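Okay, structure first, notes after.
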Amino acid sequence: MKKKISIGSKLYITLMFVFFYLPILVTMFFSFNSSKSLTNFAGFSLRWYRKLLTDNNIISAVYVSISIALIATVVSTILGTITAIGLSKSRKVLKEWLLNVNNMPIMNPDIVTAIGLMILFTSVRMERGYITMLLAHIAFCTPYVIISVYPKVRSMDHNLADVAMDLGATPFQALTKVIIPMLKPGIYAGMLLAFTMSMDDFVVSYFVTGNGVSNISIVVYNMSKRTNPTINALSTLLILLIVVVLVVINVIPAIYKKKRGQNVEKASAATGVWKRVVAVVSAVAVVGVAVFCVVRFNNISSRPVLRVFNSGEYVDPQLIDRFEKENNCDVVYETFDSNETMYTKIQSGAEYDVIIPSDYMVERLISEDYLQKIDWNLITNKDKIIPSLLENSFDKGSQYGVPYYWGTVGIVYDKTKVDEKDLAEGWDILKNKKYSGKIYMYDSERDSLMVALKALGYSMNTDKKSQLDEAYNWLIDQQKTMKPVYVGDDVMDNMISGNKDMAVVYSGDGAYIISENENMGFFVPNQGSNVWIDAMIITKNCKNTELAHKYINYFLQEDVALENTRYIGYDSGVKSVYEHFRDDEYKGNPGCAPDTSNEKNEEFKDRKQDIKEYCASLWTKVKSH
1 MKKKISIGSK
11 LYITLMFVFF
21 YLPILVTMFF
31 SFNSSKSLTN
41 FAGFSLRWYR
51 KLLTDNNIIS
61 AVYVSISIAL
71 IATVVSTILG
81 TITAIGLSKS
91 RKVLKEWLLN
101 VNNMPIMNPD
111 IVTAIGLMIL
121 FTSVRMERGY
131 ITMLLAHIAF
141 CTPYVIISVY
151 PKVRSMDHNL
161 ADVAMDLGAT
171 PFQALTKVII
181 PMLKPGIYAG
191 MLLAFTMSMD
201 DFVVSYFVTG
211 NGVSNISIVV
221 YNMSKRTNPT
231 INALSTLLIL
241 LIVVVLVVIN
251 VIPAIYKKKR
261 GQNVEKASAA
271 TGVWKRVVAV
281 VSAVAVVGVA
291 VFCVVRFNNI
301 SSRPVLRVFN
311 SGEYVDPQLI
321 DRFEKENNCD
331 VVYETFDSNE
341 TMYTKIQSGA
351 EYDVIIPSDY
361 MVERLISEDY
371 LQKIDWNLIT
381 NKDKIIPSLL
391 ENSFDKGSQY
401 GVPYYWGTVG
411 IVYDKTKVDE
421 KDLAEGWDIL
431 KNKKYSGKIY
441 MYDSERDSLM
451 VALKALGYSM
461 NTDKKSQLDE
471 AYNWLIDQQK
481 TMKPVYVGDD
491 VMDNMISGNK
501 DMAVVYSGDG
511 AYIISENENM
521 GFFVPNQGSN
531 VWIDAMIITK
541 NCKNTELAHK
551 YINYFLQEDV
561 ALENTRYIGY
571 DSGVKSVYEH
581 FRDDEYKGNP
591 GCAPDTSNEK
601 NEEFKDRKQD
611 IKEYCASLWT
621 KVKSH
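If you use UniProt numbering, the sequence shown corresponds to residues 1 to 625, in order.
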C-alpha cells in the first residue's frame, strides 16, 4: 500500500526546489538583459552572449578549465584506484598512516593547501602556469578518488583475483577483468567527484597559476569586481551544457537498453567494439588536449614577453591587444583581487615585470627593495601627467611609480530620499538615525576605519591605539544604531537599483552609479577623505625593462587613456583625459571628479607591522558583531 504524501510535505519539497533553482532561473533571465544591471531588466538582448563569444580571455579560461579537469580526472582516477588497491594489501600500521595522510588535504582549508603548493612550486623554482595548476589539481583530486574507491576494495572478495590467476589469467588480466569491474561504482563516483572538484576550484588555482593562465573560476571572480553581465551569459551556457549532458546520460542508455533486448548477441558485440573505440578516442583526445594546452598556455613564442600584474577589471583588454600588435610582443596579463594578495604572491617568488598596486603598497615595496627606479627619459608622455600626482608622500620625487588612476572615497546617495541639508554632517550622516537600516558600508578594514577616524577628526594614518580604539567604538556604535550592510563591489548594482539611501564608495564607482541612475548624487565630506593613487611600477627582476617602459608610456597616451577611462570609469592620471571627463562625462556631478584642494585629504601610508596587526584585530571584532 502506497503512502500518501501530505500537503505539508509537498509544500516543503516545492519550497526547497524553489530555493535551489530560482537563483539559477534569475541568472538565466538576466543573461538576456540589454543593460548592464544585474537586477533591473531593460529589454531582451543577446548583447552579453556576443561579448562572451568574442572575449578571448573567457574562451581561454574555458579551454584551461575543461582540459585540466579532464586530465586531472584521468590521472587522479588511475593514481587513486591503484593506491586504494595497494592499501588493501598493506600492513595495518602503514594502511592507517596512509589513510590519515590522505585525509589531510580533504580536511585542510583550501587556502592552506593553496599556500603550501605555491611555496612548493616556488622552492623548486618551477615557473607557475598551466603545468603547476594541473599538478595542483591532480594533487587535491586524488585523495577524493581514494576515499571513493577504497570502501569498494574492502568489500570485494579478494579470492576471485587469485582464482582467476589459478585458471590461467595473468596478474594484469586479473586486475582489468576481475578487480576493476568489481570496483566500477567506486571508480565512477571518484571520477565524477574529481571532475567536479577540479571544475569548481578557485582558491588553489588562484595561488598556483601564473604566466597568464586562468580558469573559469578565476575569470568569473575577476569579472565580479565590477558589474559585468557576461557572467550571467557564461553561467547560462554552463547550466545548459550540464542539462544536455544529464539528458544524454539518462536517455541514451534507456534507448540502448531497449534495443539490446531485441538482439542481445549483436548488442553485446557492438558494446565491446564501441567500448574500445570510445577508450581509444578518449585517450587520444585527452593527450591531444594536454599537448595543445601545454603549448598554448605556456607562451612558447619567439616574441618578447611582458608580464603584467594588475587588479581585476582594471584595463580594457582591447588596448593590450593593440599594444601587442604595435610592439610585436606578448603580454602575459594576470590579475589580483587586493594589494595584500598581490604582495603575498610577490613574496612567494612570483616574477612580474610591471605591477599596478596602490600608494601604500608601493611604499612597502620600495622599502623592501622589490622595485627598480623609473627611467623618466623613456617616459616621453610624462608632461601629460597631472603635476600634483607626481608630488606624493609614498614615492618621494616619483622615482619608482608612474600614476595610473586615482580618486577619493565618498558617499553616493539617493537625492530623492536623502535631505541635502544632512550632507553638511559629513561622515556623521552615516550615524543619522533617520537613515537607519538604509546604509551600505564598504567591506574594507582600511576604508571603514578611515571613515571613523575622519569623522572623529583624526588622521587616517594614525598609529595611536587610543585613537584607533575610538574609531572602533564609532563603528560598533554605528552598527548598533544604524544596522549598516557591509558590501563589496556589488554595492554598485545595489545603488543603481536604489536598494539603500546611501553608500560609501570610491569616486569612480560613484561616477558609474550616477551614469546609470540620475537620481544619485555623490559628495566627499569636508572632514577629509582618502585620496588614493594607483601607480605603474617596474620590479627589480624585470626581464625586459625597455618593453616595460614602453607599456607604461603607452597608457599615458591621450587616446589610450581616454578609451581606458571610458572602460574602467575611474579618473585618469593624464591631465587632458581627467579634464575631459570632469567637464563632460561627469558634468553636474563634480564630486565624482576628485578634488585635492582639501588639506584634510590624505594618502594611505604603510603602517608599522604591530599597528597593522592591531587594526586587523579591531576589524575582526567589528565584523564579528
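For glycine and all other residues, C-beta sits at the position ideal for the given N, C-alpha and C.
Values in this document were obtained by computation on a predicted structure and should not be read as measured data.
Can you name, in chain order, every residue of its own chain whose Cβ lies under 7 Å from the Cβ of Gln-557, other than the five neighbours on each side?
Take Gln-557, set aside five residues on each side of it, and the residues of its chain with a beta-carbon closer than 7 Å to its own are Asn-381, in chain order.
Going by beta carbon distance, what residues of the same chain come within less than 6 Å of Ser-76, once the five residues before and after it are set aside?
Ile-138, Cys-141, Thr-142, Val-145 and Ala-194
Between which two residues does the beta strand (DSSP E) harbouring Tyr-506 extend?
502-506
Express the C-alpha separation of Val-208 and Ile-411 in angstroms, rounding to a whole number.
About 37 Å.
Quick one: residues in its chain with C-beta nearer than 7 Å to the C-beta of Tyr-506, no 5 flanking neighbours on either side, listed in chain order?
Gly-407 and Val-409
By Cβ distance, which residues of its chain are closer than 8 Å to Val-519, with the 5 residues on each side in sequence left out?
Note on residue identity: the sequence assigns Asn, not Val, to residue 519. Asp-414, Lys-415, Thr-416 and Gly-498, listed in sequence order.
State buried or exposed for Pro-105, treating a residue as buried only when at least 16 other CB atoms are found within 10 Å of its CB.
buried
Which of helix, strand or coil does DSSP assign to Ala-69?
Here Ala-69 sits in helix by DSSP.
Mind checking which residues open and close the beta strand (DSSP E) that includes Val-524?
No beta strand (DSSP E) contains Val-524, which DSSP labels as neither H nor E.
Could you tell me the alpha carbon to alpha carbon distance between Phe-172 and Met-361, rounded to whole angstroms?
59 Å
Taking buried to mean at least 16 other C-beta atoms within 10 Å of its own C-beta, is Pro-357 buried or exposed?
Buried, since its Cβ has 16 or more Cβ neighbours within 10 Å.
According to DSSP, is Phe-29 part of a helix, a strand, or is it coil?
helix
CB of residue 630 within 8 Å of CB of Tyr-314, strictly:
The structure shown does not extend to residue 630, since the chain spans only 1 to 625, so no value can be given for it.
Given 8 Å, three or more beta-carbon pairs between the segment 210-220 and the segment 58-69:
yes
Mark Lys-483 as exposed unless 16 or more other C-beta atoms lie within 10 angstroms of its C-beta, in which case mark it buried.
exposed
Please state if the CB of Asn-544 and the CB of Pro-304 are separated by a distance shorter than 8 Å.
yes
What residues in its chain sit with their C-beta under 6 Å from that of Tyr-423, if we drop five residues either side in the sequence?
Rather than Tyr, the amino acid found at residue 423 in this sequence is Leu. The residues are Phe-523.
Same chain, Cβ closer than 7 Å to Val-149, neighbours up to 5 away in sequence not counted:
Gly-80, Thr-81, Ala-84, Leu-183, Gly-186, Ile-187 and Gly-190
State the DSSP-derived secondary structure class of Phe-44, mapped to helix, strand or coil.
strand
Output the residue ranges of the alpha helix (DSSP H) runs that lie fully inside the segment 181-245 and measure 4 residues or longer, sorted by chain position.
203-208 and 216-223
6 Å CB neighbourhood of Tyr-570 in its chain, flanking five on each side removed
The residues are Tyr-405, Gly-407 and Gly-508.
Return the chain-ordered list of same chain residues with a C-beta closer than 7 Å to the C-beta of Ser-578, the five sequence neighbours on each side being excluded.
According to the sequence provided, residue 578 is Tyr. The question's Ser does not apply to it. If we look at Tyr-578 and ignore the five residues flanking it on each side, its Cβ neighbours are Ile-386, Asp-571 and Ser-572.
Who are the Cβ neighbours of Asn-553 in its own chain at under 8 Å, not counting the five residues just before and after it?
Leu-378, Ile-379, Thr-380 and Asn-381
Separation of Asp-490 from Glu-516, as counted between CA atoms:
14 Å
Go ahead and label Lys-431 buried or exposed: buried means 16 or more other beta carbons lie within 10 angstroms of its beta carbon, across all protein chains shown.
buried
To the nearest angstrom, how far is it from the Cα of Ile-355 to the Cα of Ala-535?
8 Å
Nearest-angstrom beta carbon gap, Glu-602 and Met-460 [assumed within contact, 8 Å]
6 Å
Environment of Ile-13 [buried if 16+ CB atoms lie within 10 Å]:
Its Cβ having fewer than 16 others within 10 Å, Ile-13 is exposed.
Spatial neighbours of Val-277 within its chain, please: C-beta separation below 7 Å, excluding the five flanking residues on both sides.
Reliability fails at Val-277, whose pLDDT of 48 lies under 50, so the model's placement of it is uncertain and no value is given.
Three-way DSSP call (helix, strand, coil) for Asp-534 in this model
Looking at Asp-534 - three-state DSSP - the assignment turns out to be strand.
Would you call the CB atoms of Leu-241 and Leu-52 closer than 8 Å?
no
Would you kindly report the start and end of the unbroken alpha helix (DSSP H) that includes Ser-624?
Taken as a continuous stretch (DSSP letters only), the alpha helix (DSSP H) holding Ser-624 covers 609-624.
Segments assigned alpha helix (DSSP H), at least 4 residues, entirely inside the segment 459-486:
465-482
By the three-class DSSP mapping on this structure, what secondary structure does Tyr-413 have?
strand
Pairwise C-alpha distance: Asn-159 and Ala-174:
11 Å
By a C-beta neighbour count over all protein chains shown, 10 Å radius and 16 as the cutoff for buried, is Tyr-21 buried or exposed?
exposed
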